[in-house]
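Engineer: This note's numbering numbers the first residue of the sequence shown as 259 and each following residue consecutively.
So that we are looking at the same thing, I have put the structure below in structure tokens.
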Amino acid sequence: MEKIVNKILAEYAELGADFDNSTPFIELGGWDSLKHVRFILDLEKELKIRMTPEQLIACTSVENTISAIKL
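And the structure:
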């Protein structure tokens, strides 16, 4: 699942050399609220899931997004 999340994330953000799965999305180059929404929609489509409001709030990094999906 980590590979899928990172693949989709790379479509919307500049992942620098110091990026790791705990890096908050807000710290990624070029990240904004619209990209966050698109990222979530693409993730839901790719994984064939529908996130709850609680899961959406938890999606602040790759690490947290994976944990939220597993809920």
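All C-beta atoms, glycine included, are put in the ideal place defined by N, C-alpha and C.
Quick caveat: nothing in here was measured; it's all calculated off a predicted structure.
What does the Cβ neighbour count give for Ser325, buried or exposed, with the cut at 16 atoms within 10 Å?
Structural biologist: The residue you call residue 325 lines up with position 67 of the sequence shown. So Ser325 counts as exposed.
Engineer: Within 10 angstroms of the Cβ of Ser319, are there 16 or more other Cβ atoms? Answer buried if so, exposed if not.
Structural biologist: As a first step, residue 319 must be located in the sequence shown, where it is residue number 61. By the neighbour-count rule (16 or more Cβ atoms within 10 Å), Ser319 is buried.
Engineer: Whose C-alpha, out of Leu292, Lys293, Lys328 and Asn322, is nearest the C-alpha of Arg308?
Structural biologist: Counting from 1 along the sequence shown, the entry for residue 308 is found at position 50. That would be Lys328, whose Cα lies nearest to the Cα of Arg308.
Engineer: What is the DSSP secondary structure of Glu269, counted as helix, strand or coil?
Structural biologist: Walking along the sequence shown from the start, residue 269 turns up at place 11. Correct three-state label for Glu269: coil.
Engineer: Got a sec, what are the start and stop residues for the alpha helix (DSSP H) Glu304 sits in?
Structural biologist: Walking along the sequence shown from the start, residue 304 turns up at place 46. Per DSSP, Glu304 belongs to the alpha helix (DSSP H) from Ser291 to Leu305.
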